[in-house]
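Chemist: When we follow full-length UniProt numbering, the leftmost residue of the sequence shown carries the number 1, and every step to the right adds one.
Even glycine gets a Cβ: it sits at the ideal position worked out from N, Cα and C.
One structure follows; several queries about it will come next.
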Amino acid sequence: YLNGNRVNTVEAIWAMDPKEVDDDKYAAFYKYIAHAYDDPLDCLHYRADAPLEIRALFYIPSFHSEKYGMGRMEPGVSLYSRKVLIEAKSPDILPDWLRFVKGVVDSEDLPLAISREKPQDSALIAKLRKALTRKIVNHLTTMARKQPDKYKDEFYREYSFFLKEGVCQDYEFQEPLSKLLRFETSKTKPGELSSLDEYLSRCPPEQKDI
1 YLNGNRVNTV EAIWAMDPKE VDDDKYAAFY KYIAHAYDDP LDCLHYRADA
51 PLEIRALFYI PSFHSEKYGM GRMEPGVSLY SRKVLIEAKS PDILPDWLRF
101 VKGVVDSEDL PLAISREKPQ DSALIAKLRK ALTRKIVNHL TTMARKQPDK
151 YKDEFYREYS FFLKEGVCQD YEFQEPLSKL LRFETSKTKP GELSSLDEYL
201 SRCPPEQKDI
């Protein structure tokens, strides 16, 4: 507060019940943390109590800057504990191939003075990273299944490079990520994309190779 007026009017909406947050609040918070002028392509508001207490809000921007030759993006997710900032744009809480994701992660299980040098803190961060990565991969899998046009036309055409990077680098999530890849095939129209499962379903029984 300054002279009785609230200076920072941005709420910690990641800690709120998703039912209490409308689209306008989500969009305004995204523009604030991402320094963006457009609305995000997608949003994931995530709450969990096990294996860790997590309050997270993730955004997928409508585009990424790397394709314009602006250099490799920095991590876009900040880490909090009890609404207190621990590390802005933390490189540890999501794998590098998810560097296009913007947002906030808050966990009361993390100490305010967390240190990568402490084995117990390092283990906590690794556990958090695994849970968050799985949630984002599951979210993309759901989008691909329930909103295939949005997934292929908006998300995949913009971010396919990052998924392919993840398949090559992230062995733990290699299988679910491979199911998110899409390809042009000789059986589809130019520019039309199919998943590996869709391709295999069209193969004759005698075909052994892809």
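Specify the secondary structure class of Glu66 as computed by DSSP and reduced to three states.
Modeler: Residue state, collapsed to three classes: helix.
Chemist: Which value, in whole angstroms, describes the spacing of the CA atoms of Arg129 and Tyr37?
Modeler: Approximately 29 Å, taken between the alpha carbons.
Chemist: Check the C-beta distance from Gly76 over to Val101 and give it rounded, since I have them as a contact under 8 Å.
Modeler: Correct: roughly 6 Å between the Cβ atoms.
Chemist: From Met143 to Lys150, what distance separates their C-alpha atoms?
Modeler: Roughly 8 Å between the two C-alpha positions.
Chemist: Check the DSSP bridge columns for Ser81 and list the partner residues they point to.
Modeler: Ser81 is bridged to Val84.
Chemist: So, with DSSP's three-state summary, where would you put Lys118?
Modeler: Three-state result, Lys118: coil.
Chemist: What is the rounded straight-line gap between the Cα of Glu172 and the Cα of Thr133?
Modeler: Taking the straight line joining both Cα atoms gives about 10 Å.
Chemist: Anyone know if the C-beta pair for Ile93 and Ile125 falls short of 8 Å?
Modeler: Cβ atoms of Ile93 and Ile125: closer than 8 Å.
Chemist: Tell me the rounded alpha-carbon separation between Thr141 and Leu180.
Modeler: Using only the alpha carbons, I get a separation of about 7 Å.
Chemist: If you compare alpha carbons, which of Pro95, Ile54, Ser81, Ser160 is closest to Glu74?
Modeler: When each option's Cα is compared against that of Glu74, the closest is Pro95.
Chemist: Expressed to the nearest angstrom, what Euclidean distance is found between the alpha-carbon atoms of Asp22 and Ser122?
Modeler: Between Asp22 and Ser122, the C-alpha separation is close to 35 Å.
Chemist: Determine the DSSP secondary structure at Ala48, reduced to helix, strand or coil.
Modeler: Ala48 falls in the strand class under three-state DSSP.
Chemist: With 16 other CB atoms within 10 Å as the buried threshold, where does Val84 fall?
Modeler: Val84 is exposed by the Cβ-count criterion.
Chemist: Just list the residues that DSSP pairs Asp106 with in beta bridges.
Modeler: The partner list for Asp106 (beta bridge, DSSP) reads Arg55, Tyr80.
Chemist: Just checking: is the beta-carbon of Ala28 within a distance shorter than 8 Å of some beta-carbon in chain D?
Modeler: The structure shown has no chain D; it contains just one protein chain.
Chemist: Buried or exposed, going by whether 16 or more other CB atoms sit within 10 Å of the CB of Ala131?
Modeler: With 16 or more other Cβ atoms within 10 Å, it is buried.
Chemist: Assign Ala50 to one of two classes, buried (16 or more other C-beta atoms within 10 Å of its C-beta) or exposed (fewer than that).
Modeler: Ala50 should be labelled exposed.
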